[in-house]
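The block underneath contains the structure these notes are about, expressed in structure tokens.
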Amino acid sequence: MELLRWDVIQSYLPLYRDAMFLTLRIGWAGIFAAVGLGFACALIRHFKVLILQNIVGIYIELFRNTPLLVQLFFLYFGLPRIGLEIPAEPCGVLGLALLGGAYMAETFRSGLEAIEPIQMESALSLGMTRQQAVLHVILPQAVSISVPAFVANVIFLLKETSVFSAISLMDLMFTAKDLIGLYYKTLECLTLLVVFYLIILLPVSALGSFLERRLRYAGFGD
Amino acid sequence: MQALGIDVLFKGINMQRLLGGLWISLRISLIAVAFSIVLGLIVGVLMAGDNPVIKSVTRVYLEIVRVMPQMVLLFIVFFGTTRVFGWNIEAEIASIIVFTFWGTAEMADLVRGALISIPKHQYESAAALGMEQGQIYRHIIIPQTLRRLIPLSINLVTRMIKTTSLAMMIGVVEVLKVGQQIIEANRKSSPNAAFGVYACVFVLYFAACWPISMFSKYLERKWS
Numbered sequence: 000m001e002l003l004r005w006d007v008i009q010s011y012l013p014l015y016r017d018a019m020f021l022t023l024r025i026g027w028a029g030i031f032a033a034v035g036l037g038f039a040c041a042l043i044r045h046f047k048v049l050i051l052q053n054i055v056g057i058y059i060e061l062f063r064n065t066p067l068l069v070q071l072f073f074l075y076f077g078l079p080r081i082g083l084e085i086p087a088e089p090c091g092v093l094g095l096a097l098l099g100g101a102y103m104a105e106t107f108r109s110g111l112e113a114i115e116p117i118q119m120e121s122a123l124s125l126g127m128t129r130q131q132a133v134l135h136v137i138l139p140q141a142v143s144i145s146v147p148a149f150v151a152n153v154i155f156l157l158k159e160t161s162v163f164s165a166i167s168l169m170d171l172m173f174t175a176k177d178l179i180g181l182y183y184k185t186l187e188c189l190t191l192l193v194v195f196y197l198i199i200l201l202p203v204s205a206l207g208s209f210l211e212r213r214l215r216y217a218g219f220g221d
Numbered sequence: 000m001q002a003l004g005i006d007v008l009f010k011g012i013n014m015q016r017l018l019g020g021l022w023i024s025l026r027i028s029l030i031a032v033a034f035s036i037v038l039g040l041i042v043g044v045l046m047a048g049d050n051p052v053i054k055s056v057t058r059v060y061l062e063i064v065r066v067m068p069q070m071v072l073l074f075i076v077f078f079g080t081t082r083v084f085g086w087n088i089e090a091e092i093a094s095i096i097v098f099t100f101w102g103t104a105e106m107a108d109l110v111r112g113a114l115i116s117i118p119k120h121q122y123e124s125a126a127a128l129g130m131e132q133g134q135i136y137r138h139i140i141i142p143q144t145l146r147r148l149i150p151l152s153i154n155l156v157t158r159m160i161k162t163t164s165l166a167m168m169i170g171v172v173e174v175l176k177v178g179q180q181i182i183e184a185n186r187k188s189s190p191n192a193a194f195g196v197y198a199c200v201f202v203l204y205f206a207a208c209w210p211i212s213m214f215s216k217y218l219e220r221k222w223s
């Protein structure tokens, strides 16, 4: 008996492909929302906006210290009980955005905080306007400092999408579990699962390493 | 309170059951962390060394852990080994194996990072002061490495606790599963239990992880 049956794998491929598109769709939508949310939160915390900074602080601590699975259960099964019903797909995006926003906020904030005031002062004394200084001096450095942690966050969030099956979204995990339960072709299902996650994540990981190397020039004198 | 389903938490031994479930999660993560730290120290020291074979093998290992969702690893160990080798691994043991496999890689990467972050002049200055190899490590290198390493490895504990929530998906009866059971059992008497119970699970996870991550942040600030 051969280990893997190719005809089985071939017949499963379309199912996995659809599931991968769902994972990608929710994953990237959630990550884009998380970047926006994280950036807003980082700015609020960095510039110490009244009251808002306390709310943002509580939000960040709450979502950084609980698992996505628990957050999703609360959003998807808990909230409808008080009249707030969210369909599964937007709920997945929302959950990922809230979790990711908290992580991204910390990443962006530490990037901003790593730039010493002397950078701004020197830029101003060279005759740059404030806007120019932020655009040409502060942001390039803050961005290159944040890149490794940012990429790590993106990979982490894409991996976290694997819990979406718990709120009955037909993602890769759901498909694999379903097919194993139906036909017991465990090995084929698991192989396809691994292959499809590699398709999703390896390019991101490779791009991350490339960016990290490319942006290291900003680490002056180290 | 009825409308929010919080009353369910105080019925019978429901709260104790939830706490019992939390303890299962914590036990899995503590065992996995203990293994991960020991194994991670060994692998990390090996990674910081010069052996090219070990370096490339550990790089592949690290990359696998980096890109594979822990849930996929759980499925492979729990369902895959049964199919291929006929092993019948208990769900809890399978989770410990997977979380150790994952945690070891994370820990090893932290150890490697801490080791190579010690500048070369620390070794040279110590040697110039007449210290022997053993003394250099004992008095100069290891204390500095530990200061960088300890806050980060405490952080690993909270990440491990959060990850154990995945164990539910292969049938470990931990806090989230117990919550589900309580909701099912009280479906008639308090239909809104889902809100109260899941909110409670949320708070329990937060209560378990937040103090630990605060402590790690405090150490990081104190020692940096």
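So the protein lines, in turn, are chains R and V. The first sequence lines up with residues 0 to 221 when you count with numbering that gives the first Met the number 0. The second sequence lines up with residues 0 to 223 when you count with numbering that gives the first Met the number 0. We treat Cβ as the ideally placed atom computed from N, Cα and C, and that holds for glycine.
Counting only the Cα atoms, Tyr217(V) lies some 43 Å from Asn87(V). If you ignore the 5 residues before and after Glu159(R), its C-beta comes within less than 8 Å of the C-beta of Leu67, Leu95 and Leu98, all in its own chain and listed in chain order. The beta-carbon of Gly4(V) is placed less than 8 Å from the nearest beta-carbon of chain R. Contact holds between the region 115–122 of chain V and the region 140–157 of chain V, because three or more Cβ pairs, one in each stretch, are under 8 Å apart.
Judged by beta-carbon spacing, Leu25(V) lies beyond the 8 Å limit of Thr103(V), meaning their Cβ atoms are not closer than that value. Assigned with DSSP and collapsed to three states, Ile154(R) falls in helix. Ranked by Cα distance from Asp17(R), the options Leu78(R), Thr128(R), Ile199(R) and Pro89(R) are led by Ile199(R). Contact between Val64(V) and Trp101(V) holds: their C-beta atoms lie close to 6 Å from each other, under 8 Å.
Under the criterion of beta carbons closer than 8 Å, Gly91(R) and Ile166(R) qualify as touching, at roughly 7 Å. Assignment of alpha helix (DSSP H) within the region 53–133 of chain V, counting only whole runs of 4 or more residues, yields 69–74, 80–84, 90–115 and 119–127 in chain order. Here Thr57(V) is near Ala107(V), since their CB atoms are less than 8 Å apart. The beta-carbon distance between Ile182(V) and Asn13(V), rounded to whole angstroms, is 10 Å. This is too long to meet the 8 Å contact definition. No residue range can be given for Met167(V), since it is assigned to no alpha helix (DSSP H) and is classified by DSSP as neither H nor E.
Using a CB distance cut-off of 8 Å, Asn191(V) counts as an interface residue toward chain R.
Below the 8 Å Cβ cutoff, chain V contributes Lys161, Phe201, Tyr204, Phe205 and Cys208 as neighbours of Thr65(R), in chain order. Taking a 10 Å sphere around the C-beta of Gln140(R), we find 16 or more other C-beta atoms and assign the residue as buried.
With the criterion set as a beta carbon lying under 9 Å from some beta carbon of chain R, the members of the region 71–98 of chain V are Val71, Phe74, Ile75, Phe78, Gly79, Thr81, Arg82 and Val83, in sequence order. Between the beta-carbon of Gly26(R) and that of Leu156(R) there is about 7 Å, and that keeps the pair under the 8 Å contact cut. Annotation: Tyr122(V) to Ile53(V) spans about 24 Å, alpha carbon to alpha carbon. Going by beta carbons, Ala184(V) and Glu173(V) fall outside the 8 Å limit.
Closer than 8 Å to the CB of Thr174(R) there is not a single CB belonging to chain V. Between Glu115(R) and chain V, the shortest Cβ-Cβ separation is not below 8 Å. Leaving aside the five residues that flank Leu51(R) on each side, the residues in its chain whose CB is nearer than 8 Å to its CB run, in chain order, Ile43.
The beta carbons of Leu210(R) and Val150(R) sit about 7 Å from each other, so the pair counts as a contact at 8 Å. If you check the CB distance, Val71(V) and Tyr196(R) come in under 8 Å.
For the C-beta of Pro68(V), the chain R residues within less than 7 Å are, from N- to C-terminus, Lys158, Ser161 and Tyr196. Closest in alpha carbon position to Ile153(V), among Met213(V), Tyr136(V) and Thr81(V), is Met213(V). Residues of chain V whose Cβ lies closer than 8 Å to the Cβ of Glu84(R) do not exist, since the nearest Cβ in that chain is about 12 Å away. Contact of Ile154(R) with chain V by beta-carbon distance below 8 Å involves Arg65 and Val66. Just measuring C-alpha positions, the residue of Cys40(R), Ser204(R) and Glu187(R) sitting nearest Leu2(R) is Glu187(R).
Within the region 21–73 of chain R, the alpha helix (DSSP H) runs of at least 4 residues that lie entirely inside it are, in chain order, 51–63 and 67–72. Ala132(R) has its alpha-carbon roughly 42 Å from the corresponding atom of Met159(V). In the three-state DSSP reduction, Asn191(V) falls in the coil class, being neither helix nor strand. Ile114(R) and Leu178(R) have their C-alpha atoms some 51 Å from each other. Taking Thr174(R) as reference, the option from Gly100(R), Arg4(R), Trp5(R) and Phe20(R) with the minimal CA-CA separation is Phe20(R). Take Arg111(V), set aside five residues on each side of it, and the residues of its chain with a beta-carbon closer than 7 Å to its own are Gly43, Met46 and Ala47, in chain order.
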